[in-house]
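Student:
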Ligand code: ZN
């Protein structure tokens with residue numbers, strides 16, 4: 069179907085909704101220049117098996133040097149990336165009171181940097197690094213900056229164990245409290261907006277189904293087909309950075325123009341009621 073028509077239908081669904089929840093994946097960050105690190109097609113992997121070997125909990129434990137060598141260029145790209153119009157559009161929809169949460173599979177912090185407040189990072193994030201032995205948590209950026217300068221693997225200041233960026237690796241469980249919050253949001257939503265996720269990686273694939281079972285409408289914006297397209301009310305196959313600002317525009321209040329009272333022209337009536345001060349030269 070014609071894309072403009074789909075956008076119109078999506079805007080109509082948004083205008084009837086009260087509790088919108090967004091679910092975002094790698095596709096929302098590719099316009100910011102971040103490759104999908106979990107995808108064998110990302111260019112980060114020579115072979116699909118490398119990914120499972122290196123970026124897995126097993127790989128991290130057995131060959132942390134390979135893990136850090138892999139994550140080093142990715143980390144540089146992620147730390148330098150800027151939010152794009154799709155991230156800003158979701159932040160504006162939240163500020164307008166319509167969007168209640170962003171559930172994201174991305175680790176790149178771009179939703180928060182665009183101004184989103186309620187962000188559920190189901191695959192972890194690179195804000196923090198954690199010591200797998202004593203659970204000491206530190207801000208990740210200084211550790212990674214240090215590693216990128218000297219190539220030495222960051223170690224825990226308390227127990228000297230190797231620190232792990234707080235991202236979910238292959239073979240690891242998802243953070244339980246965040247997943248529970250995401251499921252609650254999916255159940256509460258009356259509209260779920262999938263943006264830039266192919267819904268291949270669980271649990272992302274389950275959340276729109278959960279929302280749907282609880283009566284929510286479903287909008288999917290993604291370049292590729294997804295296995296839940298048959299459940300969607302609207303499907304838009306386009307770049308989220310183009311489409312999301314168009315969807316969100318009708319719900320953003322116009323900017324308040326403040327008039328500087330000093331610059332306002334004087335009321336002529338006011339002048340006549342206040343006769344000019346007497347001639348000062350006459351006094352004294
Ligand atoms: Zn430790």
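Numbering (my numbering), first residue to last: 69 to 352. Backbone N, C-alpha and C define an ideal beta-carbon position, used for all residues, glycine too.
Could you name the residues, in chain order, whose CB is less than 6 Å away from a heavy atom belonging to the ligand SAM?
Tutor: By its list of ligands, the structure shown excludes the ligand SAM, since it contains just the ligand ZN.
Student: Could you tell me which residues DSSP pairs with residue 124 in its beta bridges?
Tutor: Counting from one through the chain shown, the residue named residue 124 turns up at place 56. The partner list for residue 124 (beta bridge, DSSP) reads 238.
Student: Residue 254 by DSSP, collapsed to three states: which one?
Tutor: Counted from its first residue, the chain shown places residue 254 at position 186. It is helical.
Student: Could you name each continuous beta strand (DSSP E) segment of 3 residues or more that falls completely within the segment 156 to 206, going from the start of the chain to the end?
Tutor: Taking only runs of at least 3 residues, the beta strand (DSSP E) segments lying wholly in the segment 156 to 206 are 167 to 172, 187 to 189 and 192 to 198.
Student: My output table needs one value for residue 311: the three-state DSSP class, helix, strand or coil.
Tutor: As a position in the chain shown, residue 311 is number 243, starting the count at 1. Of the three classes helix, strand and coil, the one that applies to residue 311 here is helix, per DSSP.
Student: Starting from residue 263, follow its DSSP beta bridges and name the residues at the other end.
Tutor: For the purposes of this step, residue 263 is taken as the residue at position 195 of the chain shown. DSSP, once it has assigned bridges, lists 92 and 289 as partnering residue 263.
Student: Helix, strand or coil for residue 232? Go by DSSP, reduced to three states.
Tutor: If you number the chain shown from 1, residue 232 lands on position 164. Residue state, collapsed to three classes: strand.
Student: In angstroms with no decimal places, state the Cα-to-Cα distance between residue 179 and residue 241.
Tutor: Taking the chain shown and counting its residues from 1, one reaches residue 179 at position 111. Taking the chain shown and counting its residues from 1, one reaches residue 241 at position 173. Their backbone Cα atoms lie some 23 Å apart in a straight line.
Student: By DSSP, does residue 102 sit in helix, in strand, or in coil?
Tutor: In the chain shown, counting from the first residue as 1, residue 102 sits at position 34. Residue 102 falls in the coil class under three-state DSSP.
Student: Let me make sure I understand the geometry here. Which of 309, 301 and 322 has the alpha-carbon closest to that of residue 79?
Tutor: Locating residue 79 in the chain shown gives position 11, where the first residue counts as 1. Looking at the Cα atoms, 301 is the closest of the given residues.
Student: DSSP state of residue 269, grouped into three classes?
Tutor: The residue you call residue 269 lines up with position 201 of the chain shown. Coil, per DSSP.
Student: Ends of the beta strand (DSSP E) at residue 303?
Tutor: By 1-based counting over the chain shown, the position of residue 303 is 235. From DSSP, the beta strand (DSSP E) with residue 303 extends over 302 to 304.
Student: With C-beta atoms as the reference, is residue 127 less than 9 Å away from residue 272?
Tutor: Reading the chain shown from its first residue, position 59 is the one you call residue 127. Reading the chain shown from its first residue, position 204 is the one you call residue 272. Contact flag unset, no.
Student: Could you compute how far the alpha carbon of residue 70 sits from the alpha carbon of residue 313?
Tutor: Sequence index remark: in the chain shown, residue 70 carries index 2 (1-based). Sequence index remark: in the chain shown, residue 313 carries index 245 (1-based). Approximately 18 Å, taken between the alpha carbons.
Student: Which of the three DSSP states, helix, strand or coil, is assigned to residue 223?
Tutor: Against the chain shown, residue 223 aligns to sequence position 155. Strand.
Student: Between the segment 220 to 230 and the segment 190 to 207, can you find at least three pairs of beta-carbon atoms closer than 8 Å?
Tutor: Result yes; three or more Cβ-Cβ pairs closer than 8 Å.
Student: Measuring only the C-alpha atoms, how far is residue 133 from residue 221?
Tutor: If you number the chain shown from 1, residue 133 lands on position 65. If you number the chain shown from 1, residue 221 lands on position 153. Whole-angstrom Cα-Cα distance: 7 Å.
Student: To the nearest angstrom, report how far apart residue 320 and residue 88 are at their CA atoms.
Tutor: Sequence index remark: in the chain shown, residue 320 carries index 252 (1-based). Sequence index remark: in the chain shown, residue 88 carries index 20 (1-based). Cα to Cα, residue 320 sits roughly 15 Å from residue 88.
Student: Taking the alpha helix (DSSP H) that residue 78 falls in, what are its first and last residues?
Tutor: Position 10 of the chain shown holds residue 78. 71 to 84 is the span of the alpha helix (DSSP H), which, as asked, contains residue 78.
Student: Straight-line CA distance for residue 86 to residue 223?
Tutor: Within the chain shown, residue 86 is the residue found at index 18, counting from 1. Within the chain shown, residue 223 is the residue found at index 155, counting from 1. Their Cα atoms are separated by approximately 46 Å.
Student: Using only alpha-carbon positions, find the residue among 267, 188, 135 and 309 that is nearest to residue 118.
Tutor: Translated into positions along the chain shown, residue 118 becomes position 50. That would be 135, whose Cα lies nearest to the Cα of residue 118.
Student: Quick one: is residue 160 buried, meaning 16 or more other Cβ sit within 10 Å of its Cβ, or exposed?
Tutor: Within the chain shown, residue 160 is the residue found at index 92, counting from 1. By the neighbour-count rule (16 or more Cβ atoms within 10 Å), residue 160 is buried.
Student: Hey, residue 187 and residue 247: beta-carbon distance below 9 Å or not?
Tutor: If you number the chain shown from 1, residue 187 lands on position 119. If you number the chain shown from 1, residue 247 lands on position 179. In this structure, residue 247 does not lie closer than 9 Å to residue 187 by Cβ.
Student: Under the rule that 16 or more other beta-carbon atoms within 10 Å means buried, what is residue 291, buried or exposed?
Tutor: As a position in the chain shown, residue 291 is number 223, starting the count at 1. Label assigned to residue 291: exposed.
Student: Quick check on the DSSP output: the alpha helix (DSSP H) that includes residue 137 runs from which residue to which?
Tutor: By 1-based counting over the chain shown, the position of residue 137 is 69. Counting along the chain, the alpha helix (DSSP H) containing residue 137 begins and ends at 132 to 148.
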